[in-house]
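Have a look at the structure below, then the notes.
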Amino acid sequence: MIEEIPAPPIEPPPVIIDDEVIYVHILPHSHNDAGWNMPYEGYYSWATSKILSNVVDHLYSNPHTTFNWADTSFLSRWWGD
């Protein structure tokens, strides 16, 4: 289980620069390289499946939280499980 990190406020206060309002959106992101340090299936079962499952649990518990995932091969494998 990854450490629980408090969710940021839903509407962060705006940053005002020269009378213009700029909103900053921070998106959590994770990146896995398929086959980089170990075979694809090994990396999937060792780390990736746990990361995705924990993130989904967190998203259900925190509906205003977002998450970005770039590695579609791992996402497809996880979705099929």
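If you're matching positions, the sequence shown starts at 6 in the numbering used here and goes up one per residue.
Here a beta-carbon is modelled for each residue, glycine too, at the ideal position from N, C-alpha and C.
Of the choices 25, 39, 30, whose alpha-carbon is the least far from that of residue 75? Taking the first residue of the sequence shown as 1, we reach residue 75 at position 70. Nearest C-alpha to residue 75: 39.
Do you know whose CA, among 56, 51, 45, lies nearest residue 73's CA? By 1-based counting over the sequence shown, the position of residue 73 is 68. Here the closest residue by C-alpha is 56.
Nearest residue (CA-CA) to residue 29, options 79, 16, 65, 86: On the sequence shown, residue 29 is found 24 positions in, with the first residue counted as 1. When only C-alpha atoms are compared, the closest one is 16.
Residues bridged to residue 46 by DSSP? By one-based count along the sequence shown, residue 46 stands at place 41. In the DSSP output, where bridge partners are listed per residue, residue 46 has none listed.
Bridge partners of residue 56, per DSSP? Translated into positions along the sequence shown, residue 56 becomes position 51. Paired residues: none, contrary to the question.
Relative to the alpha-carbon of residue 37, which residue among 27, 26, 54 has its alpha-carbon at the smallest distance? On the sequence shown, residue 37 is found 32 positions in, with the first residue counted as 1. The shortest Cα separation from residue 37 among 27, 26, 54 belongs to 54.
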